[in-house]
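Have a look at the structure below, then the notes.
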Amino acid sequence: MSKADPLAEYNRKRDFKKTAEPAGKPEQSPKGNLFIVQKHAATRLHWDFRLEVDGVLKSWAVTKGPSLDPDDKRLAVRTEDHPLAYAEFEGVIPKGEYGGGSVMLWDQGTWAPVPGKSAKDIEAGHLHFTLHGERMKGDWLLVRMKPRPGEKRENWLLRKVQDAHAQKGDRLVEHGLTSVLTGRSMAEIAADKHGEFSLAGKKGKSFDAQMEAAAEHIAGKAKRKRRSSSAKPPKFRNPQLATLVDAVPSGNHWMHEIKFDGYRALISAAGDQVVVNTRNGHDWSDKFAPLVRAIAALDLPPCLIDGEIVAYGKNGNPDFSSLQAVLKRGHGSQSKRDVLDFFAFDLLELNGEDLTGLSNIERKERLEALLADAEPPIRVADHVIGAGEKLFQAMCEAGQEGIIAKKVDASYLGRRSQNWVKVKCVNRQEFVVVGWTKSSTKVRPFASLLLAQYEDDDLVYKGKVGTGFNGTTLADVGAKLKTLARKEPALEVPRTEARGAHWVEPRLVAEIAFAEFTGEGRVRHASFLGLRTDKPAQEVEPEKAAAAPRAEPAVKISNPDRVIFPESGQTKGQLAAYYEQIAPIMLPFAGNRPISLVRCPQGRARKCFFQKHDSGSFGENVHQVPIQEKDGGTEDYLYVNDTAGLLQCVQMGTIEFHGWGARADAVEKPDRIIIDLDPDEGLDFADVKQAAKDIRTRLAELGLTTFAMLSGGKGVHVIAPLTPGHDWATHKDFARRFAEALALAEPDRFLATMSKAKRKGKIFIDWLRNQRGATAVVPYSARARAGAPVAAPVAWNELDQFDRASVFTIADGAKLLTRSRSKALAGWGFAEQSLPDL
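Those letters in the sequence shown? Residues 190 to 1027, by my numbering.
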């Protein structure tokens, strides 16, 4: 790198008569600390990482792109310094020029060395720094690798440092498919025929004018940096409420979450318009202004999110008293004690679509996909499937409130039901304050509060609470009591309890922890937790723990010992047990979708056949949806919605489940593209994996997020979920033209026709899965093949570690459940995106 002219190498490599790239001289931004990342589709796709230092952009080419996983050490090859004018360059470098190809502004922001370090450390081969970007945040490391003899380039490693922004599993490159400057995909940038500007001979004012013209052109191509202001946040809905039960429900039919000790909140958002409603529909946006700003920064589509706002106590647990104290002080200070987080746990509406009819697990998966880029203070609440007792024990040992258990396949009802149940570590209920007793000291404004609850329409006395207060809550409650004074009690109180009491209007609601109710109905060992202003006193009723829901009745499986897979010995009973175990994570893909079944009543080695119609012989949990056929008539197609439906299919000899590319309630609106890679018998699986990754890249250039699935057979499926909005003709045409374009570009690798004769040494891009009535094997379905393999979702960054498409079998149900909750697979198979033009 030239010391005299740091841009000499940059300028030497470029012909500015041909390229739209900016020429320039060293200059400094207002603060001198810009960083950018440009996604660059040159000879080989890479990400150019650039840091502003001394008036130029120090640059590295990161071959696989940045990763938020600290375990990923990404090769970063140092390149020539670039001019600062390059910081907003986005366009096409002509073919034949150095670096020819499309360039996207993938990230931008500011950077700073960590305390005690400086930019001079670059020359020493080690830089520890902090990024404040739109995609890259937190602490990072650049470390130069030991030079090898004759080495012509500087090889460095770029790695994320473990901090609050780190994420296990590589999702950053997978989700970041559009420009942070214009919102365009790589394909849209490449198709912009007017995106080149000649800079030949341009200097001074003429250079500036041409750059300004280029900037105006890019601005004209921008797709909205923010959501349209015409999009309105959804209206408030009544929240689902949980029933108190006496034990944790068992079985894989339940998903379990932490019961957060905070305020229930429904977030209604659309771009920068955000409303925070309490569980009773009161607008508390002003009380939680920093959370509102954090959600607005996510630029979400119109959506309604259910969750809990929490503050943290001294032990680090969510704590209601601490939340009350934060609201009292005013949320928004920089103090750590004033930090509030929002834990999202449900998604009720998205882009105008009512999601409440979907299952709990599918709504949660779609929520995780929606908030994939969210960072604290916005979080998605974790959950476990089954194993609720272990979670409950851990929460109680940690001093937390308890857990919420949700029936996996239940819809959102907007009222109290046993589809959601809560199990508490200690008794906690809400009570109405009806009076107080005088303190014997001047330090306290009162000694205790008198409590009551409504039973039917009558207030019933429930005892006193005199502990759990601090100086702040004593003063706050004492002041409120003075304003509510009344002469007579609002209810009947035993004479011994009423002696010396002062009475108040029954308006204050207090949350109280207590050991138990005595035989007289009084709270024992009560402790004050805080006042609740999000619930009216008239709704405060006793909570009585019901018996924990029993496990779902099992579907009777006849002949459970019949061997279905003769090579490995697995039986019909084992297959049924696998489907019962895996149903919670399979139903989001198999449920409410017309399906075709591969039935093998005598086992996979005997006669097997496809079935897609049913007259009702499968059982009450296997449903029918009438679908119009090509001849104008209608036929009833099968679909299921729950575990019992899956098991009734297994009882009838089903091994495989294949689903339509549309929902049963919207069969004319396709919602996923599936590219099935079907290799010639002679090809190695490594060829299939590389093809899948290349197709992922091609679809990413079109702005589509994709997911990989081992088919359980020979190949890999590349799946792009879509927001419904186009018809089957458009859907099929996109898939066909995409496959044909691949086959045309690389005829030695791919073909787009089913011809077995022409498939020698090639991979068939099976686009026919994307026409009306066609089906594809659903995630987690077993396959009627030797060894009982299953179709298994995988993360892109782990695809290389598998040596075949049939790695997982029906014996791996527990492993697949655990994998599904990993960060790498969270939200797998869901993304909010539309079919692009091709």
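Glycine included, every Cβ here is placed at the ideal spot set by N, Cα and C.
Quick caveat, the model's predicted, so the values are computed rather than measured.
Buried or exposed: residue i, going by 16 or more other Cβ atoms within 10 Å of its Cβ?
| i | result |
| --- | --- |
| glutamate 728 | exposed |
| proline 859 | buried |
| arginine 413 | With a pLDDT of 45 at arginine 413, under the threshold of 50, the modelled position of that residue is not reliable, and the figure given next carries that caveat. It is exposed - the Cβ of arginine 413 has fewer than 16 other Cβ atoms within 10 Å. |
| alanine 313 | exposed |
| serine 387 | Legend: pLDDT at serine 387 = 46, less than 50; position of this residue unreliable, value from coordinates given subsequently. Result: exposed. |
| proline 783 | buried |
| serine 522 | Reliability of the predicted coordinates at serine 522 is poor, the pLDDT of 49 falling under 50, and the value obtained from them is presented with this limitation in mind. It counts as exposed. |
| leucine 1024 | buried |
| glutamate 377 | buried |
| glycine 805 | exposed |
| serine 191 | Since pLDDT at serine 191 reaches only 43, below the 50 mark, its modelled position is unreliable, and the value read off the structure follows with that caveat. So serine 191 counts as exposed. |
Could you check the C-alpha separation between residue i and residue j for me, to the nearest Å?
| i | j | result |
| --- | --- | --- |
| proline 695 | glycine 591 | 29 Å |
| cysteine 797 | arginine 788 | 5 Å |
| valine 632 | serine 510 | 21 Å |
| valine 877 | proline 868 | 7 Å |
| aspartate 270 | alanine 928 | 39 Å |
| aspartate 723 | histidine 471 | 8 Å |
| alanine 734 | tryptophan 443 | 18 Å |
| alanine 389 | glutamate 216 | Only weak support is given to the placement of alanine 389: the predicted model assigns it a pLDDT of 44, under 50, and the question is left unresolved by the model. |
| phenylalanine 706 | glutamate 845 | 54 Å |
| serine 944 | lysine 951 | 11 Å |
| proline 423 | aspartate 543 | 10 Å |
| lysine 1034 | valine 266 | A question about residue 1034 goes unanswered here, because the residues of the chain that appear run from 190 up to 1027. |
| methionine 657 | glutamate 681 | Strictly speaking, residue 657 in this sequence is glycine, with methionine absent from that position. Rounded to whole angstroms, glycine 657 to glutamate 681 spans 26 Å at the Cα level. |
| alanine 1000 | proline 777 | 21 Å |
| arginine 993 | phenylalanine 874 | 6 Å |
| aspartate 883 | valine 907 | 10 Å |
| lysine 921 | asparagine 959 | 5 Å |
| leucine 433 | glutamate 732 | 7 Å |
| lysine 391 | tryptophan 249 | Residue placement at lysine 391 is flagged as unreliable, the pLDDT there being 49, under the threshold of 50; a coordinate-derived value is accordingly withheld. |
| alanine 934 | threonine 843 | 40 Å |
| phenylalanine 997 | proline 255 | 30 Å |
| glutamate 1021 | leucine 331 | 34 Å |
| glutamate 619 | lysine 326 | 42 Å |
| isoleucine 701 | leucine 720 | 9 Å |
| serine 474 | valine 464 | 6 Å |
Are there any heavy atoms of the ligand FMN lying less than 7 Å away from the beta-carbon of residue i, as far as the coordinates show?
| i | result |
| --- | --- |
| glycine 652 | Summarising the ligand content, the structure contains no ligands, and the ligand FMN is consequently not present. |
Please identify the residue among the options whose C-alpha is closest to the C-alpha of residue i.
| i | options | result |
| --- | --- | --- |
| arginine 482 | His471, Pro738, Gly460 and Tyr768 | Gly460 |
| serine 900 | Pro910, Ile864 and Leu888 | Ile864 |
| valine 752 | Val573, Gly976 and Cys492 | Gly976 |
| glutamate 987 | Arg617, Glu363, Leu537 and Ala1003 | Glu363 |
| glutamine 800 | Asp645, Asp831 and Val839 | Val839 |
| serine 628 | Ala690, Gly575 and Leu673 | Ala690 |
| aspartate 541 | Arg948, Pro913 and Thr630 | Going by the sequence as given, residue 541 is glycine instead of aspartate. Taking only the C-alpha atoms, the option nearest glycine 541 is Pro913. |
| serine 785 | Trp849, Asn830, Leu764 and Gly758 | Trp849 |
| glutamine 429 | Arg925, Ala772, Ser600 and Phe754 | Ser600 |
| glycine 892 | Arg605, His802 and Ser368 | Ser368 |
| histidine 321 | Arg861, Asp243, Met293 and Val226 | Val226 |
| isoleucine 816 | Asp530, Met841, Gln791 and Ala851 | Ala851 |
| alanine 436 | Cys614, Leu529 and Leu957 | Cys614 |
| glycine 780 | Ala963, Asp803, Glu551 and His445 | Glu551 |
| proline 936 | Ala880, Ala980 and Glu890 | Ala880 |
What distance in whole Å lies between the Cβ atoms of residue j and residue i, which are believed to be in contact at a cut-off of 8 Å?
| i | j | result |
| --- | --- | --- |
| asparagine 810 | alanine 794 | In fact, because the Cβ distance is near 28 Å, the residues do not count as touching under 8 Å. |
| leucine 638 | valine 621 | Incorrect: roughly 10 Å between the Cβ atoms, too far for contact. |
| valine 905 | leucine 872 | Not really, about 12 Å apart at Cβ, beyond 8 Å. |
| glycine 624 | valine 712 | Actually they are not in contact, since the Cβ atoms of glycine 624 and valine 712 sit about 15 Å apart, beyond 8 Å. |
| alanine 230 | methionine 375 | 6 Å |
| arginine 348 | aspartate 261 | 7 Å |
| alanine 139 | valine 573 | For the chain, the structure presents residues 190 to 1027; residue 139 sits outside this window and is missing. |
| glutamate 557 | alanine 1015 | 5 Å |
| alanine 570 | alanine 533 | 7 Å |
**Q.** Inside the region 750-806 only - alpha helix (DSSP H) runs reaching at least 4 residues
**A.** 761-779
Q) Going along the chain, which unbroken runs of the alpha helix (DSSP H) with 4 or more residues stay wholly within the region 409-492? A) 478-486
(Q) To test your reading of the DSSP string, which unbroken alpha helix (DSSP H) runs of 4 or more residues are found completely within the region 886-961? (A) 917-934
Q | Contiguous alpha helix (DSSP H) assignments of at least 4 residues, all confined to the region 678-714 | A | 684-687
**Q.** Unbroken stretches of the alpha helix (DSSP H), 4 residues or longer, contained in the region 533-597
**A.** 549-559 and 577-586
Q. For the region 323-393, which segments carrying the alpha helix (DSSP H) assignment without a break, of at least 4 residues, lie completely within its bounds, in sequence order?
A. 361-364 and 375-379
Q: Scan the region 597-667 and note each continuous beta strand (DSSP E) run of 3 residues or more that stays entirely inside, going in chain order.
A: 605-613, 616-626, 637-644 and 647-654
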